Amino acid sequence: MDLRSNFVQLLTEDRSDIEWQKASADLPHLRIICEDGDKRSFTYNVQVHMEKEYQICYSSLQPVQFVPSVPLDRDFAKYRVVELLDHMTTYKYIEGIENRLSTQSLSKSFNARMYMSDDEKSRSTENCVLEVTVGQEFTFEIINLSEDVLHIYLYALRPDWSIVDQLTEFRSTERVELGPVYCRFKTTFKATLSQNFPSDHVTSEDEVFKLFVTRRADSFAGLRMDALSSSPRRGTLNTLKDFLAARRDRRRGGSDSDHEEEWFTKNFIVKTKAVST
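Be aware that the sequence shown starts at 1140, since it is given in my numbering, and climbs by one per residue.
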């Protein structure tokens, strides 16, 4: 799994300030571009809003939702902007993470779905979004189709840029052990909208539920992240690289009797809409 570079364009009058490069020097996955007319595809842009704060936005110059602005006169403001970008690019990398070395046997060893609790015909798949309204309940269900014990982990990538373990709320560990041959597990959630940034007038949000399945006990706790409303932890992608490297090393050192693939992941998207008035 390659950690690709994320290009960020500065649209600020101080873009030539060497402090931008110093702030991102230890984050090689972030490439801060200062020059005008660069034709590269940028992940994000940084602009100055109302002449008083840095704002992270898309190429359309629309602000990225739930990302706080940084006052220009804040101490180490440029470092704070870079910390936010580090957090955001790591979050997006985790959203797309997959085990390309996994064979089909593990992916076909279970059946998982997300559906409206009062309508089992509705479902979220990798190619479909489950739409719910605030207050409605929706259910995650997984069934073991194999003769092996499976270990289940479920994380939510929330709109506030946090990554949360969804299973420790119901048990003492992040993992559910699923017995063989049609043993099933399900848990129900209630749809809500974020409250951290009420000024954004949020009417809908997408939340990604990321399922991990393994045939041996493991941990994915290293993928958890706090919301951007708190202080992000600098170098989060370095932690992720260590997490992935440990799995590659374990795979290389596995015995012939071990299962060939170690883990498999699948995303489910739930779109929550505000109640119509």
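Glycine included, each C-beta is placed from N, C-alpha and C at the ideal position.
Please read all numbers here as calculations on a predicted model, not as lab measurements.
Under the DSSP assignment, residue 1304 falls in the beta strand (DSSP E) whose first and last residues are 1302 to 1304.
In terms of Cβ geometry, residue 1412 and residue 1272 form a close pair [threshold 9 Å]. Under a 10 Å Cβ-count criterion, residue 1189 is classified as exposed, with fewer than 16 other Cβ atoms of the shown protein chains found around its own Cβ. Within the same chain, Cβ atoms closer than 6 Å to the Cβ of residue 1268 are found at 1408 and 1410, the five residues on either side in sequence being excluded.
When beta bridges are read from the DSSP output, residue 1255 appears opposite 1258 and 1277.
Residue environment analysis places residue 1197 among the exposed positions, since fewer than 16 neighbouring C-beta atoms fall within 10 angstroms of its C-beta.
Between residue 1305 and residue 1321 the beta-carbon gap is near 23 Å, outside 8 Å, which marks them as no contact.
Here the alpha carbon of residue 1152 sits roughly 33 Å from the alpha carbon of residue 1379. When secondary structure is reduced to three states using DSSP, residue 1358 falls in the coil class, being assigned neither helix nor strand. If you check the CB distance, residue 1148 and residue 1193 do not come in under 9 Å. Distance from the Cα of residue 1357 is smallest, within the candidate group 1401, 1346 and 1388, for 1401.
Contact check for residue 1323 against residue 1259 fails: the beta carbons are separated by 9 Å or more. Taking C-beta atoms under 8 Å as the contact rule, residue 1203 and residue 1195 qualify, at a distance of about 5 Å. The criterion of a C-beta distance shorter than 9 Å is not satisfied by residue 1157 and residue 1404.
Beta-bridge partners of residue 1290 (DSSP): 1316 and 1353. Between the alpha carbons of residue 1224 and residue 1319 lies a gap of roughly 43 Å. Secondary structure note for residue 1270: it is in no alpha helix (DSSP H), and the uninterrupted beta strand (DSSP E) holding it is 1268 to 1272. If you look at residue 1170, you'll find it in the beta strand (DSSP E) that goes 1169 to 1172. Counting only runs that start and end inside the segment 1148 to 1224, the alpha helix (DSSP H) elements of at least 4 residues fall at 1157 to 1162.
In the three-state reduction of the DSSP assignment, residue 1295 falls in the strand class, which pools E and B. The continuous beta strand (DSSP E) containing residue 1405 extends over residues 1402 to 1412.
For the pair residue 1366 and residue 1300, the Cα-to-Cα distance works out to about 5 Å. Residue pairing by DSSP places residue 1345 opposite 1410 in a beta bridge. Nearest neighbour of residue 1361 by Cα position, chosen from 1160, 1229 and 1165, turns out to be 1229.
Your pair residue 1303 and residue 1297 checks out as a contact, with CB atoms roughly 6 Å apart and the cut at 8 Å. If you draw a 10 Å sphere on the C-beta of residue 1250, you find fewer than 16 other C-beta atoms in it, and that means exposed. One Cα belongs to residue 1221, the other to residue 1162, and the distance between them is close to 7 Å.
Straight-line spacing of the CA atoms in residue 1348 and residue 1160 works out to 35 Å. Annotation: residue 1227 to residue 1206 spans about 9 Å, alpha carbon to alpha carbon.
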